Structures are given as C-alpha cells and as structure tokens.
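Chemist:
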Amino acid sequence: MKDVAVIGGGPAGICAAVQLSRMGRGVTLFEGSRLGGQLNTARWVENYPGFPEGISGKELAALMAKHLEKNEISVIMQDVKGITREGENIHIRYGDIVEPFFSTIVAIGARKRSPDFFVSSKNVHNDILDIDYFGIDVALIGGGESAFDRALNLKERGARVTVIARSKFKGLRLLQERAMRAGVKMLKNIHISSITDRDGKVNITTLDGEEMTFHKTILCLGKNSWQLPENFLPKNTDILKTEKGFARTSLNGVFLCGDLIAGKNRQTAFAVGSGIAAAIEVNEFLGGTR
425 MKDVAVIGGG PAGICAAVQL SRMGRGVTLF EGSRLGGQLN TARWVENYPG FPEGISGKEL
485 AALMAKHLEK NEISVIMQDV KGITREGENI HIRYGDIVEP FFSTIVAIGA RKRSPDFFVS
545 SKNVHNDILD IDYFGIDVAL IGGGESAFDR ALNLKERGAR VTVIARSKFK GLRLLQERAM
605 RAGVKMLKNI HISSITDRDG KVNITTLDGE EMTFHKTILC LGKNSWQLPE NFLPKNTDIL
665 KTEKGFARTS LNGVFLCGDL IAGKNRQTAF AVGSGIAAAI EVNEFLGGTR
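Counting from 1 along the sequence shown, just add 424 to a position and that's the residue number in my numbering.
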C-alpha cells in the first residue's frame, strides 16, 4: 500500500508528490484531465522565478510533469470520486476501484463560478478550444486577469476579441494596457441578461435590451476557493484553515493545498509553495523524515 495519494495534477499536486517522493514516501498522483491543470491555459507566466523572460503556461506545465517522470511517481489519469476513512486508512474511490492510503493531499484547484444569467448556446465555452480562431469574433465574459490573458492569446491567433465586464476591469493594469495596444475591444459595466444561439452565432442580450453577436463566447467569471465537489468528503467533514500554506480537515490524514485554498492568491508560485508545505506536513503526520 502506498503512503500518500495526491489528488490533482496541477502545480500544487505535482510539487507535493515530488517533495514526498524525495522524502522517501510512496506516492500515487490522480489527475482526471491533464497534468499541469489550469497552468496549461496561461498564455505567458512572467512572475515564476528562473524564467526572467517568462514562459508559456503550457511549457511550464510540461516541465513540471517531467519531475513526476524523473521521480518515477505513479500517475493515474482518472477523476477521484470520493474519499473516506476506514480504520487506519484513507480510501480513495476512482472508477470502480477503491484503494487504501495512509494519507491524502487534495489539490484539485478552485471551482469555476457559474453565470448568474441564462445561457443556452453550443458556442459558449469555459476556455479556449483547440480550434482555428482566425478571423472570427470572440467575446470574453469577465474583467479579471484570466479574461485579459485569454484575450491576448486569442489576438495572437487572429481573432477579433471583445472583453465584456459587468463592472470595472480587475485584471492587472499591465495586461489591460497590452490588450488595448493589441486592439482588444473592452466594454465595462455591461449587465448580461442571456446568451443564446441565433443563426449559428452567439447572441448576447443585456438587461438594457442591447444585443451583440459573436461566433464564440468564453466565460471567464472567476473561481471560488474552499469548495469541494458534492460528496467528495464524508458528510460533516470540517475544513480547518491554517496559516502555513495548506489546510487540515477533520478527517484525520486528509490535507488541502493549492488554488483550492488560495482565495485571491491564485498564482503558480503560491501553488508550488502550498504543495510543498502540505507535503512536509503529511510527512510529519506519517512519522517524520525517512
């Protein structure tokens, strides 16, 4: 039986797994989508030490994933459905399998916010797709950093891009200025009533009755930390916040880290530190240095 299950293959989960492996712990990492998590969607990471000229999120994610290979860490590309504790062990349920571990780190990231307006369109997405955007009109709904990062990404792909925010823009001023120079159209204080399909395109209707039409729309509405999927942990499990970059739970042996607990501090460097902090704590929980 392995010592630790790490659930989530983003920067926090990868770094937690690598640190535990270095400490001599047997680790299995679970990831239901792609290694690197949301880092893969970042156009350019400019504040990660060691890359003074910046690096694309996809490239940095690939470099992090190589650490798993180098340390021969077992990776299971499946979603974990739930965690329970049976006696001395933590049981991880994925697919039709239940596997025991001594401890678990949950690093599944923050959950995307749902829109508070009506959406019924096959051309509305939560992220940039692997398609040709050249020459098409794309709306990004949201005024934070993710919206402007994706706007710049899409402009590089040849799209005509509009960022639509319900209030003021909240992304870094640096990104806003780059977007303006790139020719991104920026609309603020726009309150959307509905997004629907019309004649093969996306029709956005505001509360004032105005309408805008695009080929594609991407929702960048932000994320909520401290939210786990329903029934992921046993009922009445409490999350115990700490000041050390990770969180405990009342389910003995289960710890949380990364964007899941980051609040507004959702940066790659924070996730890396959070993962390592959680790994050190888990190692102590399991009896200390090997």
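We treat Cβ as the ideally placed atom computed from N, Cα and C, and that holds for glycine.
Computed from a prediction, not measured in an experiment: that's the story for all the values here.
Taking just the CA atoms, how far does Pro658 sit from Gly633?
Modeler: Within the sequence shown, the letter at position 209 stands for residue 633. Within the sequence shown, the letter at position 234 stands for residue 658. The alpha-carbon atoms of Gly633 and Pro658 are separated by roughly 46 Å.
Chemist: Are at least three pairs of beta-carbons, each pair with one atom in the stretch 510-526 and one in the stretch 471-486, less than 8 Å apart?
Modeler: Verdict: no, contact absent.
Chemist: Let me know the alpha helix (DSSP H) ranges lying completely inside the stretch 462-542, each 4 residues or longer, listed in chain order.
Modeler: DSSP runs (the alpha helix (DSSP H)) wholly in the stretch 462-542: 481-494.
Chemist: Would you mind working out which of Asn577, Met610, Asp427 sits nearest Ser591, comparing C-alpha positions?
Modeler: The residue labelled residue 591 in the question sits at position 167 within the sequence shown. That would be Met610, whose Cα lies nearest to the Cα of Ser591.
Chemist: For Thr620, I'd like the list of residues in its chain whose CB is within less than 7 Å of its CB, leaving aside the five on either flank, ordered along the chain.
Modeler: Here the question's residue 620 lines up with position 196 in the sequence shown. Result list for Thr620: Ser544, Ser545, Asn627, in chain order.
Chemist: Taking the CB atoms as reference points, tell me whether Lys536 and Leu680 lie closer together than 8 Å.
Modeler: Taking the first residue of the sequence shown as position 1, residue 536 is located at position 112. Taking the first residue of the sequence shown as position 1, residue 680 is located at position 256. No, these two residues do not count as a Cβ contact at 8 Å.
Chemist: Measure how close the beta-carbons of Thr452 and Ile514 come, nearest whole angstrom, since I'm counting them as under 8 Å.
Modeler: For the purposes of this step, residue 452 is taken as residue 28 along the sequence shown, with counting starting at 1. For the purposes of this step, residue 514 is taken as residue 90 along the sequence shown, with counting starting at 1. Wrong, their Cβ atoms sit about 12 Å apart, outside the cutoff.
Chemist: Which partner residues of Ala671 appear in the DSSP bridge assignment?
Modeler: Along the sequence shown, read from residue 1 onward, the residue named residue 671 stands at position 247. Note: Ala671 sits in a beta bridge opposite Lys665, Leu680.
Chemist: Could you have a look at Phe572 and say whether DSSP puts it in helix, strand or coil?
Modeler: Position 148 of the sequence shown, counting from 1, holds the residue named residue 572. Here Phe572 sits in helix by DSSP.
Chemist: What does Ser544 pair with, by DSSP beta-bridge criteria?
Modeler: Here residue 544 refers to the residue found at position 120 when the sequence shown is read from its first residue. DSSP lists Thr620 as partners of Ser544.
Chemist: Is DSSP giving Phe581 helix, strand or coil here?
Modeler: To locate residue 581, count along the sequence shown from 1; it is residue 157. The question names Phe, but residue 581 is Arg in the sequence shown. Three-state result, Arg581: coil.
Chemist: Touch check for the stretch 459-469 and the stretch 562-576: three-plus C-beta pairs under 8 Å?
Modeler: In short, these stretches touch, since the Cβ pair count reaches three.
Chemist: Taking the C-alpha atoms as reference points, what is the distance between Arg602 and Gln691?
Modeler: To locate residue 602, count along the sequence shown from 1; it is residue 178. To locate residue 691, count along the sequence shown from 1; it is residue 267. Rounded to whole angstroms, Arg602 to Gln691 spans 20 Å at the Cα level.
Chemist: For a test of your reading of the model: does the CB of Lys612 fall under 7 Å from any non-hydrogen atom of the ligand ZN? Yes or no.
Modeler: Absence of the ligand ZN is noted for the structure shown, with no ligands found whatsoever.
Chemist: Are the CB atoms of Val428 and Phe558 within a distance shorter than 8 Å?
Modeler: For the purposes of this step, residue 558 is identified with residue 134 of the sequence shown, where counting begins at 1. For the purposes of this step, residue 428 is identified with residue 4 of the sequence shown, where counting begins at 1. Cβ atoms of Phe558 and Val428: not closer than 8 Å.
Chemist: Bridge partners for Gly454 per DSSP, in chain order?
Modeler: Position 30 of the sequence shown, counting from 1, holds the residue named residue 454. Reading off the sequence, residue 454 comes out as Phe, not Gly. Its beta-bridge partners are Ile431, Ile500.
Chemist: Using 10 angstroms around the beta-carbon of Gln502, count the other beta-carbons present and answer buried if the total reaches 16, otherwise exposed.
Modeler: Translated into the one-based positions of the sequence shown, residue 502 becomes position 78. The residue is exposed, with fewer than 16 neighbouring Cβ atoms inside 10 Å.
Chemist: Determine the direct distance from the alpha carbon of Glu512 to that of Glu569, and round the result to whole angstroms.
Modeler: What you label residue 569 is simply residue 145 of the sequence shown in a count that begins at 1. What you label residue 512 is simply residue 88 of the sequence shown in a count that begins at 1. Taking the straight line joining both Cα atoms gives about 43 Å.
Chemist: Could you name the residues of the same chain whose beta carbon sits closer than 7 Å to that of Ile532, not counting the 5 residues immediately before and after it, in chain order?
Modeler: Translated into the one-based positions of the sequence shown, residue 532 becomes position 108. Only Ile431, Gly432, Leu684 meet the Cβ criterion.
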